[in-house]
Structure formats: structure tokens, C-alpha cells
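In my numbering, the protein residues as written are 117 to 489.
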Amino acid sequence: MARLFSQGRIVGLDLAPKQLDLGPRVSIRKGAQADPTVIAALIAQEGPFDIIIDDGSHRPDDVLASWRLLGQALVPGGIYVVEDVQTAFMTALGGSADLSAPNHLAALRDLALDLGAGRLVEPALQRIERHHNLIVLVAADGPAPDLMQAPDALRAAAAGQGALWQGGGGTGAPIVALPVDRLSSDAALTQALQGRADGEALVFPWPEDTDLLRRLFVQIDHHEIAAITPGSPILAAAARVLSLVIVPGGVMVVQGPNDFPSIHAYHLRSRRAILAQHWVQTVLLDPETQPSQGQLLGLLDRALLYGRPGSSGPIQRRLAEIGSDDAGGLQLQILAAGRGGDWGPVATVALACAARSADAVMSDGYRLVAAWA
């Protein structure tokens, strides 16, 4: 992130103390994301902020508290991103199938519906975007665009997503204004989406009856819902809606295959999942990147589970280069080599493990080789 925003200052907040040298533009503060005292001090000393990313505890109550504390600290046009929204359904983290309060997905959905209806919202917002496992809130910066008069004003809301599918708002797919009756039912919207190009955006004036949008806002994560609460009723349109962009008086529906897999049932049958895996690997294997051992082991694990035979070789070599000494990681190295990977890094990592703890690597190594045999 520091490389991406090469002129920016980045401030992190973590519950656990961190001692990392990430350069003069990056600092990490200790504190809880839902602690009003901690957040007030953070805003006073570091705010206001251009971009805020909540990738914290993912607990619905914490996420909601953070938004209420930090949302006011955005600059005009600033962006607030809530990641891993699927925790709204997970009981282990305080979520629920019916999104009972406190629940960040339900609260931000209701905020989006208020914004679309033209009701006053605090802080003032230009738009709210809903993507797979993600909600983006953009602070107001001047008057909101009139979707029906100038639908291209929201092309930027879809731009940048275009690489995730063929076509897309960033690659010239059309934006089409449609009458509001196409939002009257699941069947009507599904019919409106049929035959459309992937990435094509349909723009509607805000409907009086928002029941369909209320459900669709949640069911953008239909794969997560199906994995966490099997048997839940799902809208037919949910499988063809990549994102919603809600502004005062209107909504944009971006059409495309909403097939990114659930983290609870992951696979690489989705083109977007394949691209995501490729992008993560490209970043972590970049010579200028300083990945952690854990990040690379996670990448190697996914390559073994979902990748092509032999695709793990570059990851194995990168682990050896950074001095990987994790005995559990040695197991992955052996498995990867046996599946067409590279045997060279196995010896390097085994020696590093032995140097760290001879007893551990002998016991683990015996078990691992026996399992492989």
C-alpha cells in the first residue's frame, strides 16, 4: 500500500502492539477500533483522512462502531471501505442469518436506502457502493449527480472494477437508463439483465418500493449466504449483479457473473477468483515486496489446493529466499515438490528449520515424510 500511495501518509491501528519498520510514511498505533477515546485521539492527531479501510476485527458491532466514530473524519470526496462484510452472517463473530442488530451490513444497507430516497444522512454522502464482501461509502463533495440526466457521471463508480470481468465500467461497456418498473420484482430485474454485456450498467430512478433493493443489497454476497446458512432463499437476479451504486434519487446496477466463491467453499472455477489469485501472487513475489512468511505460506497453501501442478515453484523459491524456517511450512514445501514443484527449496527450508529447532523438524519431518510416503 505504501508503494501504491507513494506520496501518502499511512496510519494503521491494531489491537496488538506492532514493531515494524515500514518507512517514515507508515506508522502503526495500538488500540481498539471501537474505543471512542482511541479513535478521537487518532482523528485529532492524524485526521482528516482521504481513505479509511476497515479490515479490523470484522465483528459487526466493532465495524458499526468504527463507522460511526470515523465516518465523520473523511475529507470531502473521501472513501470509507468496509471489507469482509460476510461476517454479518457469521454467528461466531456476532452476526446472524436475520442480520439482527447490531449488524453492520443491515445498518449500512438502511443508510444506503435512506441516501437513495433523498433523506438526510450523516455524514453527508455522495454515494454508497455494494460489491462482493465489500461496502464503499464516498463522502459528499458538491451536489450529487443526476443519474437520469447524466448517467455517465457514475462511470467512475464502476471504473477500476472493469478488470474483474470481460468489459466493465472501466472498459467502455454501456450505461443504459431504464424505467423504474424494472425494479418492481426479481423477475422484472432478471429479465432486464438478460442479454446484457458483462459490465453493462443499468441506471434506474429511485423506486417507491425498495423491497427488492433491500434484499439485493444483502444478497450480493449470495455465495456467502448459501455457504453459511444453507437453504436461504436467494434472488435470481443476485447471480447476475456484480455491484450496486446508490446515490440520492437513483441506483446503478452493474451486470455480470456474480460468481466469486465463498471463503467457506473456495474454488478457482470463477474467472475473477483466478485473476485475484494471480494478482496476489504477482504482488507477493515482486522483488520489491517484503512479504511475511505467513503470507507466502498462505499463498503456497492456496496454490496446492487450487493451482495447476507445478505452479507452486516460484512461491517455494521465494520462501527459501526469505529464510523460511517454519516446520509446518516445510510440510507444504514437500507436498508442493511432490506435485511437480521444486525440490531445491525443500533442502534450504529444512536446514533453516533444523537450525531453529532440530527436535521440532525431526519429529515433524518424520511425520511429514511418512505421510507423503
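The C-beta atom is built at its ideal place from N, Cα and C for all residues, glycine as well.
The model shown is predicted, which means the values in this text are computed figures rather than measured ones.
query                                                                                                         : result
Whole-number beta carbon distance between V179 and D171, since they are thought to touch under 8 Å            : That belief does not hold up - the Cβ atoms of D171 and V179 are roughly 10 Å apart, past 8 Å.
Check whether G445 and L415 have beta carbons under 7 Å apart                                                 : no
Rounded distance between the beta-carbons of A304 and D314, thought under 8 Å                                 : No, D314 and A304 are not in contact; Cβ-Cβ is about 20 Å, not under 8 Å.
For S143, the first and last residue of its enclosing beta strand (DSSP E)                                    : 142–146
Residues bridged to Y422 (per DSSP)                                                                           : Answer by DSSP bridge pairing: none, since Y422 is not bridged.
Beta-carbon gap between I251 and L231 smaller than 7 Å                                                        : no
Cβ-based neighbour list, H174, same chain, cut-off 7 Å, excluding 5 preceding and 5 following                 : D200, T203, L209
Residue nearest to E316 in terms of C-alpha spacing, selected from A132, P295, S359, D302                     : S359
Beta-carbon proximity check, R225 vs F333, cutoff 7 Å                                                         : yes
Cβ separation of V142 and I126, assumed to be a contact under 8 Å, to the nearest whole Å                     : 5 Å
Euclidean distance between Cα positions of L403 and W395                                                      : In the sequence under discussion, the amino acid at residue 403 is Pro, which differs from the Leu named in the question. If you take the alpha carbons of P403 and W395, they lie about 14 Å apart.
Through-space distance from R418 to A470, alpha-carbon basis                                                  : 25 Å
C-alpha distance - S428 paired with E324, whole-angstrom precision                                            : 53 Å
Short Cβ contact (7 Å threshold) for P176 with G211                                                           : yes
Extent of the continuous beta strand (DSSP E) run through D166                                                : 165–170
Exposure of R246, with buried meaning 16 or more beta-carbon neighbours within 10 Å                           : buried
Own chain partners of S479 with C-beta closer than 6 Å, once the 5 adjacent residues on each side are dropped : Residue placement at S479 is poorly supported in this model, since its pLDDT is 48, which falls under 50; the coordinates still yield a value, given next. Excluding residues within five positions, none has a Cβ falling inside 6 Å.
Per DSSP, cross-strand counterpart(s) of A463                                                                 : Answer is none; A463 lacks a bridge partner.
Residue closest to H90, alpha-carbon to alpha-carbon, out of A343, F205, A233                                 : The question about residue 90 has no answer, for the chain in this structure spans 117 to 489.
Identity of the residues DSSP links to Y196 by a beta bridge                                                  : I168, L253
Cβ separation of A343 and S378, assumed to be a contact under 8 Å, to the nearest whole Å                     : 4 Å
Where S99 sits in the DSSP three-state scheme                                                                 : Nothing can be reported for residue 99, as the shown portion of the chain is limited to 117 through 489.
Residues near L328 in its chain [Cβ-Cβ closer than 7 Å; skip 5 each side]                                     : L299, S301, D302, L305
Where the beta strand (DSSP E) through G366 begins and ends                                                   : 366–371
Those residues which DSSP pairs with A217 across a bridge                                                     : According to DSSP, A217 bridges with nothing at all.
Length of the line joining the Cα atoms of Q310 and G372                                                      : 10 Å
Boundaries of the beta strand (DSSP E) in which D130 is found, first to last residue                          : 126–130
Under 7 Å between C-beta atoms of V361 and M368                                                               : yes
Status (buried if at least 16 other CB within 10 Å, exposed otherwise) for H380                               : exposed
Simplified DSSP state of H174, which is helix, strand or coil                                                 : coil
Pick from S182, V370, L227, E238 that is closest to T326, judged by C-alpha positions                         : L227
Residues bridged to I244 [DSSP beta-bridge criterion]                                                         : L253, I362
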